[in-house]
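Asks: The structure that follows is given in the form of structure tokens.
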């Protein structure tokens, strides 16, 4: 599995030929990976957006206390956090208010929808953790390209074109000689 560093550019949506809406995230690379192909499955590891200090209702989805029947100002409180004399402490791992977000998030099974080699960008199906402009790691299984699909230096490509042209010219000469 190969891992590269990428930057989140924006989020958007594209439409398939059947009219289905696909949410996508556009990401960029400093150097485009040569062995990444459209349709590849990727894993993304990034840091989620920080939300600051959050109460238990927002952070953990607690229901809170009733808004009437004498609850007064305790409606968004967590309720009881432990026993009294026994155990005489709060158990470790008790879900309480605190900082929310800003944690490492791993998403598996995203697919590469589109690739733009010139702009060095890729569109991934689904979300990528973090705000726009944040960096994350993208892991993928390299796809082996055949010799014809692999990018070639300009000089080699020109030489191969010249060789093909020469072969065509030679074949035409041979055909004329065979006819005459």
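Residue numbers (UniProt numbering): 1 to 180.
Glycine is no exception: its CB is placed at the ideal position from the N, C-alpha and C atoms.
All figures in this text were calculated on a predicted structure; none of them were measured in a lab.
1) Exposed or buried, which one is residue 6 when buried takes at least 16 other CB atoms within 10 Å?
2) Which word fits residue 24, buried or exposed, when buried means at least 16 other C-beta atoms lie within 10 angstroms of its C-beta?
3) Taking a contact to mean a Cβ-Cβ separation below 7 Å, would you say residue 32 touches residue 119 in this structure?
4) Smallest Cα separation from residue 113: which of 45, 15 and 94?
5) Check the DSSP bridge columns for residue 12 and list the partner residues they point to.
6) Rounded to whole angstroms, what is the Cα-Cα separation between residue 70 and residue 77?
7) Could you tell me the alpha carbon to alpha carbon distance between residue 174 and residue 144, rounded to whole angstroms?
8) Identify whether residue 84 lies in helix, strand or coil by the three-state DSSP scheme.
9) Whose C-beta lies closer than 6 Å to the C-beta of residue 102 among residues of the same chain, with five residues either side of it excluded?
Replies: According to the structure shown:
1) If you number the chain shown from 1, residue 6 lands on position 6. Flag for residue 6 reads buried.
2) For the purposes of this step, residue 24 is identified with residue 24 of the chain shown, where counting begins at 1. So residue 24 ends up on the buried side.
3) Here the question's residue 32 lines up with position 32 in the chain shown. Here the question's residue 119 lines up with position 119 in the chain shown. No, they are not a contact pair.
4) Here residue 113 refers to the residue found at position 113 when the chain shown is read from its first residue. Nearest option by C-alpha distance: 15.
5) Here residue 12 is taken as the residue at index 12 of the chain shown, counted from 1. Per DSSP, 24.
6) Position 70 of the chain shown, counting from 1, holds the residue named residue 70. Position 77 of the chain shown, counting from 1, holds the residue named residue 77. C-alpha separation (whole angstroms): 14 Å.
7) Residue mapping note: residue 174 aligns to position 174 of the chain shown, counting from 1. Residue mapping note: residue 144 aligns to position 144 of the chain shown, counting from 1. So the alpha carbons of these two residues sit roughly 38 Å apart.
8) Start at 1 with the first residue of the chain shown, and residue 84 comes out as number 84. Three-state DSSP puts residue 84 in a strand.
9) As a first step, residue 102 is located in the chain shown; it is residue number 102 there, counting from the start. 50, listed in sequence order.
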